[in-house]
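Notes for the one structure printed next.
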Amino acid sequence: MKTRYGLTLLAFATTLAIIGLTGCTQSAGMNAEMKQQETDMKTELTAWGNDLTTWNSENERLRSELQAKTPKPGSDLEKELMDHAAKLTEHERNLGEFESTLNAHRSEVQEEATKPEQDRVMAHAGLWAKHMTVKASQASLAMTHKDLLDKHAELMSKVAVTQ
Numbered sequence: 281m282k283t284r285y286g287l288t289l290l291a292f293a294t295t296l297a298i299i300g301l302t303g304c305t306q307s308a309g310m311n312a313e314m315k316q317q318e319t320d321m322k323t324e325l326t327a328w329g330n331d332l333t334t335w336n337s338e339n340e341r342l343r344s345e346l347q348a349k350t351p352k353p354g355s356d357l358e359k360e361l362m363d364h365a366a367k368l369t370e371h372e373r374n375l376g377e378f379e380s381t382l383n384a385h386r387s388e389v390q391e392e393a394t395k396p397e398q399d400r401v402m403a404h405a406g407l408w409a410k411h412m413t414v415k416a417s418q419a420s421l422a423m424t425h426k427d428l429l430d431k432h433a434e435l436m437s438k439v440a441v442t443q
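Take the sequence shown: its position 136, counting from 1, is numbered 416 in my numbering, and each next residue is one higher.
Encoded structure:
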């Protein structure tokens with residue numbers, strides 16, 4: 281299911297990038313759509329940075345709660361908790377990779393903003409395409425994070441019943 285969702289997001293990002301490329305070739309200067317895209321990129325980059333802060337904080341809480349639970353050794357619940365901890369570790373690693381990607385993209389957006397308008401027009405389509413890819417990654421991570429939170433709540437209620 282996650283692969284299908286990821287492919288859908290990739291197709292969406294590619295479509296938007298093509299639309300962006302088409303829009304960029306229609307005018308020699310920055311058109312209103314391109315200016316709006318620049319604004320959207322800055323706004324979304326800030327929001328995604330906030331998401332990362334929230335997710336990392338929530339992951340610390342989840343990890344702490346997991347470490348505090350000691351189910352019966354060899355039980356199905358112990359296996360579920362171990363699987364959940366492994367998924368949390370993978371998610372934390374993916375968040376770290378996303379943070380690096382996000383920081384690099386943020387730098388590119390800031391760099392583009394300092395260029396003369398003609399140079400910005402020439403570079404905009406590629407930057408917008410990359411932004412759509414980062415956006416797809418963020419959406420996938422958001423969905424994974426929500427799934428982890430839901431599974432964690434389910435597991436913690438199971439642990440509460442067995443203790």
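Where a beta carbon is used, it is the ideal one built from N, C-alpha and C, also for glycine. Keep in mind the model is a prediction, meaning the values are calculated, not measured.
Length of the line joining the Cα atoms of residue i and residue j
i    : j    : result
H364 : T326 : 29 Å
V389 : E372 : 25 Å
M241 : A416 : Outside the shown range of the chain, which is 281 to 443, sits residue 241, and nothing can be said about it.
G309 : V401 : 6 Å
V441 : L435 : 10 Å
A348 : G376 : 24 Å
E463 : E324 : Absent from the model: residue 463. The displayed extent of the chain is 281 to 443, so no value can be given.
T333 : G354 : 35 Å
Cβ distance (whole Å) where residue i is taken to contact residue j below 8 Å
i    : j    : result
D331 : Q418 : 7 Å
N374 : L429 : Between L429 and N374 the Cβ distance is about 15 Å, and since that is not below 8 Å, they are no contact.
Neighbour-count burial assignment, residue i, 16 or more Cβ in a 10 Å radius
i    : result
Q316 : exposed
N336 : exposed
E370 : exposed
M362 : exposed
A405 : buried
E340 : exposed
E318 : buried
Option in the options with minimal Cα separation from residue i
i    : options                   : result
H425 : L346, T413, T350 and K367 : K367
A312 : E397, M436 and A440       : E397
W328 : D427, S437, R386 and K410 : R386
N383 : K410, K395 and E360       : K410
A433 : E345, K395 and T394       : E345
Other residues of its chain near residue i: CB distance less than 8 Å, five sequence neighbours each side excluded
i    : result
T381 : V414 and S417
K431 : H364 and K367
E360 : L435 and K438
Cut-off 6 Å between Cβ atoms - residues of its own chain near residue i, not counting five sequence neighbours on either side
i    : result
E358 : P351
K322 : none
E392 : R400, A403 and L407
M314 : H404
T305 : Low confidence applies here, because T305 scores a pLDDT of 47, under 50, leaving its location unreliable and the question unanswered by this model.
Close-in-space but distant-in-sequence residues of the same chain around residue i (CB under 7 Å, 5 per side omitted)
i    : result
R343 : L368
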